[in-house]
Amino acid sequence: MNEVYSKKMCLKEWAEQDRPREKLVCNGRRMLSDAELIAILIGSGSREETAVELSKRILANVENDLSELSKLTLNDLRAFKGIGEAKAITIMAALELGRRRKENIAKKKPQIKSSEDAYRILQPLYADLGHEEFWILLINTANKVIGQELISKGGSGMVGVDVKNIFEAVLHAKATGFIMSHNHPAGTLKPSKADIQLTDKIVQAAQYMDIRMLDHLIITDEGYYSFVDHDDL
């Protein structure tokens with residue numbers, strides 16, 4: 001009696017040109033899908049599914065959004081069958097390298113001529129954060145960025161800011177001005193009453209100390225809000 005059965009082919013049984021590593025060698029990295037690139041990172045799947053199928057399943061869970069994938073924690077990744085600690089760490093490390101590459105690109109444009117320039121430098125600092133942070137860009141007389149400083153970090157809804165820490169950072173760097181920024185993890189770009197009050201307080205202190213407070217940016221995954229652009233300063 002003929003035994004009829006079906007099984008999924010492992011990657012080694014695929015045509016060589018269809019294997020992610022071989023495909024990259026033959027056709028270049030840009031020809032690979034996100035799932036294929038992740039499959040190369042994790043190396044192997046399981047008896048039930050190939051590395052590519054496992055990668056597709058992970059991506060489907062975040063609606064094929066690499067930004068959302070970057071937000072997954074070690075435990076989130078380990079929750080997928082077939083992903084152990086080593087594979088989860090490899091995925092997280094690769095995504096972090098990508099984030100740092102964006103940050104390095106932003107650093108190549110250190111002169112601030114508009115709110116968009118400031119946003120391009122600041123955005124990588126807030127990428128994939130699930131909590132609020134407050135950063136400042138330190139500016140010299142030529143409006144070039146000479147440093148960046150994390151002032152404080154908080155929870156998902158608010159961050160406390162000690163005004164003294166801002167001016168200590170500015171004076172320590174011998175900066176003549178600064179740009180404030182913080183993120184809204186929930187995604188709203190509208191400044192809160194507390195945001196407005198804090199901005200007014202710091203503007204007054206900066207004027208008293210003859211230091212330029214150039215702007216305050218609220219940053220989300222979708223864009224930014226500039227106090228200067230909206231005539232709020």
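Numbering follows UniProt numbering, in which position 4 of the sequence shown is assigned residue number 4; successive positions increment by one, without gaps. Note that the Cβ used here is the ideal one computed from N, Cα and C, for glycine as well. Please read these numbers as outputs of a predicted model, since none were measured by experiment.
Check, Outcome
"According to DSSP, is ILE219 part of a helix, a strand, or is it coil?", "strand"
"What is the DSSP secondary structure of TYR5, counted as helix, strand or coil?", "Reliability fails at TYR5, whose pLDDT of 33 lies under 50, so the model's placement of it is uncertain and the value that follows must be treated cautiously. Note: TYR5 maps to coil in three-state DSSP."
"Determine the extent of the alpha helix (DSSP H) in which GLN207 is found, giving its start and end residues.", "193 to 208"
"Comparing C-alpha positions only, which one of ASP128, HIS172, LYS164 sits nearest to ILE146?", "HIS172"
"Which same chain residues, not among the five before or five after ALA118, have their C-beta less than 7 Å away from its C-beta?", "ILE112, LEU137, ILE179, ASP215, LEU217"
"Near ALA39, which residues of its chain fall below 7 Å by C-beta distance, leaving aside the five closest residues on each side in sequence?", "PRO20, ALA51, VAL52, SER55"
"What residue range does the alpha helix (DSSP H) around HIS182 cover?", "That residue, HIS182, is in no alpha helix (DSSP H); its beta strand (DSSP E) goes 177 to 183."
"I need the straight-line Cα distance from MET213 to ASN143, nearest angstrom please.", "11 Å"
"Report yes if the C-beta distance between ALA35 and LEU59 is below 7 Å; otherwise report no.", "yes"
"Write down the C-beta distance between LEU122 and GLU133 rounded to the nearest angstrom, noting that I regard them as a contact closer than 8 Å.", "The pair is not a contact, with the Cβ atoms about 10 Å apart (cut-off 8 Å)."
"Rounding to the nearest angstrom, what Cα-Cα distance links ASP229 and LEU37 in this structure?", "40 Å"
"Can you give the Cα-Cα distance for TYR5 and GLY45, rounded to whole angstroms?", "Low per-residue confidence applies at TYR5: pLDDT is 33, beneath 50, and the placement is therefore not dependable enough to give any value."
"Counting only the same chain and skipping the five closest in sequence on each side, list residues whose C-beta sits under 8 Å from that of ASN64.", "ASP34"
"Take ARG78 and list the residues in its own chain whose beta-carbon comes closer than 8 Å to its own, dropping the five residues that flank it on each side.", "GLY84, GLU85, ALA88"
"With 16 as the cutoff for other CB atoms within 10 Å, does TYR224 come out buried or exposed?", "buried"
"DSSP three-state label for LYS144, please.", "strand"
"For a test of the three-state rule: what should DSSP assign to LYS56, helix, strand or coil?", "helix"
"Helix, strand or coil for ILE89? Go by DSSP, reduced to three states.", "helix"
"Between which two residues does the beta strand (DSSP E) carrying ILE139 extend?", "133 to 139"
"Given ASP221, which residues of its chain have a CB within under 7 Å of its CB, disregarding the five upstream and five downstream residues?", "SER67, GLY187"
"Based on the DSSP secondary-structure assignment, which residues constitute the bridge partners of LYS153?", "GLU133"
"Just to confirm before moving on: does the CB-CB distance between VAL170 and ILE196 stay below 7 Å?", "no"
"Rounded to whole angstroms, what is the Cα-Cα separation between LEU41 and LYS174?", "44 Å"
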